[in-house]
Amino acid sequence: NAGVTQTPKFRILKIGQSMTLQCAQDMNHNYMYWYRQDPGMGLKLIYYSVGAGITDKGEVPNGYNVSRSTTEDFPLRLELAAPSQTSVYFCASSTVDKNIQYFGAGTRLSVL
Amino acid sequence: DQQVKQNSPSLSVQEGRISILNCDYTNSMFDYFLWYKKYPAEGPTFLISISSIKDKNEDGRFTVFLNKSAKHLSLHIVPSQPGDSAVYFCAASVNAGNMLTFGGGTRLMVKP
């Protein structure tokens, strides 16, 4: 019962570096999401996908890119890391007919 | 503009007593509400939900109350247990859709 798996768990980046946060789910969910959570704040939606090949922007998409080539995987790309992107990133998935989202354990990212 | 607000960042309760977590919303289009629980270093996990056609939903020790006229919902935990110590997020969606708007969270501490 893996559910939603995120890698890596922790990462430190230098300003201007790039990286990809990986997310995979084994529940055959069509919908997948990326959130960021800043200290003391709720989760803000970065990007989401309603199926393979279809992605759309959420509330805070600037500085990020996503792709969805398979149902299982939904990687999040940071091209030019900035200190403002220091956060905890959560990936989630859900079925089409139920809006209960299942979350991964998160990736804690620091940009220094 | 925060559409979902949890005005109490933290709450401390004695074991065995009732915990009441509150959530207010501003968007009258929200019609489905969820509570998530989050332990440190883990992703949020779904706890309980309520549709706007109901004013109460109960699941074991957890009960969610919805007051549509006041745009307010609350989560009651009775009796509270030390294992309930976590951050609780309320979330809302429109047309019971898949996009969730989260509140900022309330940290609950249940003292033995």
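In order, the protein sequences belong to chains A and B. For what it's worth, my numbering labels the leading residue of the first sequence as 1, then goes sequentially. For what it's worth, my numbering labels the leading residue of the second sequence as 1001, then goes sequentially. C-beta atoms are modelled at their ideal positions from N, C-alpha and C, and glycine is treated no differently.
Pairwise C-alpha distance: A:Q85 and A:S18: Each residue's alpha carbon lies about 11 Å from the other.
First through last residue of the beta strand (DSSP E) which encompasses A:Q22: M19 to Q25
Among the residues of its own chain, which have a CB less than 6 Å from the CB of B:T1063, if the five just before and after it don't count? H1076
Using a C-beta to C-beta distance shorter than 8 Å, which residues of chain A count as neighbours of B:Y1088? Those do not exist, as B:Y1088 stays about 11 Å from chain A at its closest Cβ, beyond 8 Å.
Can you confirm whether A:S94, when its beta carbon is compared against all beta carbons of chain B, has any partner nearer than 8 Å? Interface residue, yes.
At least one CB of chain A closer than 8 Å to the CB of B:E1058: is that the case? no
Taking B:S1093 as the query, report the chain A residues whose CB atoms sit under 8 Å from its CB, ordered along the chain. N99
Below 8 Å between beta carbons: does that hold for A:V21 and A:P61? Val is not the amino acid found at residue 21 of chain A; the sequence shown has Leu there. Not closer than 8 Å, so no.
Could you check whether the Cβ of B:N1098 sits closer than 8 Å to any Cβ belonging to chain A? By this cut-off, B:N1098 is an interface position.
Any beta carbon of chain B sitting closer than 8 Å to that of A:Y89? no
Proximal residues of chain B, C-beta to C-beta of A:A105 below 9 Å: A1041, E1042 and G1043
Three-state secondary structure (DSSP) at B:G1083? helix
Reference B:S1051, options B:S1012, B:A1091 and B:P1112, closest by Cα: Of B:S1012, B:A1091 and B:P1112, the residue nearest in Cα terms is B:A1091.
If you draw a straight line from the alpha carbon of A:E72 to that of A:D26, how long is it in whole angstroms? One C-alpha to the other measures close to 6 Å.
Contact criterion: CB-CB distance below 8 Å. Does B:L1034 meet it with respect to chain A? yes
In the DSSP assignment, find the unbroken beta strand (DSSP E) run with A:T55 in it and report its ends. I54 to K57
Does any heavy atom of the ligand NAP sit closer than 7 Å to the C-beta of A:G106? Annotation note on the ligand NAP: not contained in the displayed structure, which lists no ligands.
Can you pull the chain A neighbours of B:F1102, defined as C-beta to C-beta under 7 Å? B:F1102 reaches chain A at G42 and L43, counting residues in chain order whose Cβ is nearer than 7 Å.
Going by DSSP, which residues form a beta bridge with B:P1039? It should be pointed out that residue 1039 of chain B corresponds to Tyr in this sequence rather than to Pro. Bridge pairing for B:Y1039: absent [DSSP].
So which residues on chain B does A:Y47 lean against when the C-beta distance must stay under 7 Å? Residues of chain B passing the Cβ test: none, with the nearest at roughly 12 Å.
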